[in-house]
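Working notes, structure below.
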Amino acid sequence: MRTTLLEQMFRTAVAQAQPALAVAQNLPDRPKGRTVVIGAGKASAQMARAFEQAWDGPLSGLVVTRYGYAEACEHVEIVEAAHPVPDEAGFLAARRIMETVSGLGPDDLVVALISGGGSSLLPAPGPGLTLDDEQAINRSLLASGAPISVMNLVRNQFSAIKGGRLAVRCAPARVATLVVSDVPGDDPALVASGPTIPLTGTRALARKYVSLYRIALPSRAADALAREDNLAPLASHPALAHNTVRTIASAALSLEAAADLAREQGVEAAILSDSIEGEARDVAQVHAALAKEIASRNRPFAKPVVLLSGGETTVTLRGNGRGGRNGEFLLALAIAIDGADNITALAADTDGIDGSEDNAGALVDGSTATRLRHAGIDPLAALANNDAYSAFKAIGDLLVTGPTGTNVNDFRAILIR
Numbered sequence: 076m077r078t079t080l081l082e083q084m085f086r087t088a089v090a091q092a093q094p095a096l097a098v099a100q101n102l103p104d105r106p107k108g109r110t111v112v113i114g115a116g117k118a119s120a121q122m123a124r125a126f127e128q129a130w131d132g133p134l135s136g137l138v139v140t141r142y143g144y145a146e147a148c149e150h151v152e153i154v155e156a157a158h159p160v161p162d163e164a165g166f167l168a169a170r171r172i173m174e175t176v177s178g179l180g181p182d183d184l185v186v187a188l189i190s191g192g193g194s195s196l197l198p199a200p201g202p203g204l205t206l207d208d209e210q211a212i213n214r215s216l217l218a219s220g221a222p223i224s225v226m227n228l229v230r231n232q233f234s235a236i237k238g239g240r241l242a243v244r245c246a247p248a249r250v251a252t253l254v255v256s257d258v259p260g261d262d263p264a265l266v267a268s269g270p271t272i273p274l275t276g277t278r279a280l281a282r283k284y285v286s287l288y289r290i291a292l293p294s295r296a297a298d299a300l301a302r303e304d305n306l307a308p309l310a311s312h313p314a315l316a317h318n319t320v321r322t323i324a325s326a327a328l329s330l331e332a333a334a335d336l337a338r339e340q341g342v343e344a345a346i347l348s349d350s351i352e353g354e355a356r357d358v359a360q361v362h363a364a365l366a367k368e369i370a371s372r373n374r375p376f377a378k379p380v381v382l383l384s385g386g387e388t389t390v391t392l393r394g395n396g397r398g399g400r401n402g403e404f405l406l407a408l409a410i411a412i413d414g415a416d417n418i419t420a421l422a423a424d425t426d427g428i429d430g431s432e433d434n435a436g437a438l439v440d441g442s443t444a445t446r447l448r449h450a451g452i453d454p455l456a457a458l459a460n461n462d463a464y465s466a467f468k469a470i471g472d473l474l475v476t477g478p479t480g481t482n483v484n485d486f487r488a489i490l491i492r
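Under the working numbering, the first residue of the sequence shown carries the number 76, and numbering increases by one thereafter.
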């Protein structure tokens, strides 16, 4: 069942988002004073290594990445912490980063290397809050089904570092932020909850979202949300006036590279969107309907064609199974295309980890649901229990890549022949 073309396209998309070339092409101007590198995210260690190799001058710094994602650097210290729920290591790293940028002067430069995952890797509870509170907030957000923009606005309200607060701590030093985007629409303020970039949105709006998505908050966090202190800086804050932000890798560029590869191999490619959001199983239903329309009626695209999409779906937890949003998408898709003999699909996270498991994603086709049933697994029951990982592991259809060194979010490819 495994489709070599789809796997090649995924590897091409990941290669397009590798930090080495992107960082080297987006170096800031050298300062008169010190160069201090900071960063957080699943790709931050690779970004730090690339920056060291490209930078012509002295530098120092500290970057935090996910466990297992470290790279050897000569001048920048790399520490590891937990994702998606913060831990003590991330708490200590965030404190050290804030100390690292304190006391800088106007001739100094802070280079912030930011990528997806940085929200949980930089836990810095605001006044009156604890790490336990921030962990509880993250768990509630992950289970809420809220889109990433909502999650980040809510996280922002309880932090001493997110939403541009870290950039204010760097002043009067200049801050140059390089972003590997993993968010729909590539708003850099949403990546890692924008530690060096002010986030649009008010506390009143955050309160509205907490109510709308029924996000359970610990009591101290609920009290903090009701107050108007510890507000994030506005974009007009004078400490941010001379800072720069560049998005150096994104889902859009990766999808275009994958589409080019498909066309080189004689298969037309249609990029549906690089910023799809919504419940993973619902997004799967729409993708499946479009694939079946093409398969049976040759419209709105002619066969053979591969449908490509990116973005960040969400999963509302209903059961206690294992798996991430790409697995959930694929399990729902497999149920919807059951019996189709000319549709195959791959969905995976470009960082190599779907949710909190060891797989990037999986592959499915029209026989997947039948093979699951033959293995004693009811696909509908597995979906109801959010247990896509166990289902695909049982039939050997997981896609395991290990950490890729980058992160531009989800990659989905559906091939109709």
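Even for Gly, the Cβ is constructed at its ideal location relative to N, Cα and C. Note that this is a predicted model, so its numbers are computed, not measured.
Handout entry: From Arg244, Arg295, Lys367 and Leu204, residue whose alpha carbon lies closest to that of Val380
Key = Lys367
Practice task
May I ask which residues mark the beginning and end of the beta strand (DSSP E) holding Phe126?
Solution key: First-last for Phe126: Ser119 to Ala129, but that is the alpha helix (DSSP H), not the beta strand (DSSP E).
Handout entry: In DSSP terms, what Thr250 is bridged to
Key = A quick correction: the sequence has Val, not Thr, at residue 250. DSSP, once it has assigned bridges, lists Val185 as partnering Val250.
Handout entry: DSSP state of Arg77 mapped onto helix, strand, coil
Key = With a pLDDT of only 48 at Arg77, under the threshold of 50, the placement of this residue in the model should not be trusted, and no figure is reported.
Problem - Separation of Ser256 from Asp182, as counted between CA atoms - result: 28 angstroms
Problem - Sufficient close CB pairs (3 or more, under 8 angstroms) joining the segment 85-92 to the segment 423-438 - result: yes
Handout entry: Limits of the unbroken beta strand (DSSP E) element including Ser224
Key = Note, Ser224: premise wrong, no beta strand (DSSP E); alpha helix (DSSP H) at Ile223 to Asn231.
Problem - C-alpha gap between Tyr142 and Ser119, whole angstroms - result: 12 angstroms
Exercise for the section: In angstroms with no decimal places, state the Cα-to-Cα distance between Gly441 and Ser431. Expected result: 27 angstroms
Problem - Which of helix, strand or coil DSSP assigns to Pro200 - result: strand
Handout entry: C-beta atoms of Thr389 and Gly353 nearer than 9 angstroms
Key = yes
Exercise for the section: Starting from the N-terminal side, write out each stretch of the beta strand (DSSP E) that is 3 residues or longer and does not extend beyond the segment 389-468. Expected result: 418-424 and 436-440
Handout entry: Inside the segment 272-353 only - beta strand (DSSP E) runs reaching at least 3 residues
Key = 319-324 and 343-351
Exercise for the section: Below 6 angstroms CB to CB, which residues in the same chain sit around Met76 once its five sequence neighbours on both sides are set aside? Expected result: Residue confidence is low: Met76 scores 45 on pLDDT, short of 50, so the model does not pin down where it sits. Its coordinate-derived value is still stated next. Same-chain partners within the cutoff: Asp440.
Exercise for the section: Can you give me the start and stop residues for the beta strand (DSSP E) that Ala488 sits inside? Expected result: Asp485 to Ile491
Exercise for the section: For Arg141, write down the residues that DSSP places opposite it in a beta bridge. Expected result: Ala156
Handout entry: Outcome for Glu303 when other beta-carbon atoms lying within 10 angstroms are tallied against a minimum of 16
Key = exposed
Exercise for the section: Return yes when the Cβ of Leu458 is within less than 9 angstroms of the Cβ of Ile410, no when it is not. Expected result: yes
Exercise for the section: Determine which residues share a DSSP beta bridge with Ala115 and list them. Expected result: Val139 and Ile189
Exercise for the section: Could you check which residue in Ala377, Asn373, Phe376 and Asn434 has the C-alpha nearest to that of Arg397? Expected result: Asn434
Handout entry: Exposure label - Phe126; buried when at least 16 CB within 10 Å
Key = buried
Exercise for the section: Taking Gly477 as the reference, give the member of Leu455, Asp429, Ser465 and Arg446 with the closest Cα. Expected result: Asp429
Problem - Whole-number beta carbon distance between Ser219 and Pro288, since they are thought to touch under 8 angstroms - result: A quick correction: the sequence has Tyr, not Pro, at residue 288. With a Cβ gap of about 5 angstroms, Tyr288 and Ser219 count as contacting.
Practice task
Report the three-state DSSP secondary structure of Leu365 (helix, strand or coil).
Solution key: helix
Exercise for the section: Within its chain, find whatever has a CB closer than 7 angstroms to the CB of Glu209; leave out the 5 residues flanking it on each side and keep chain order. Expected result: Pro161, Pro198, Pro200 and Phe233
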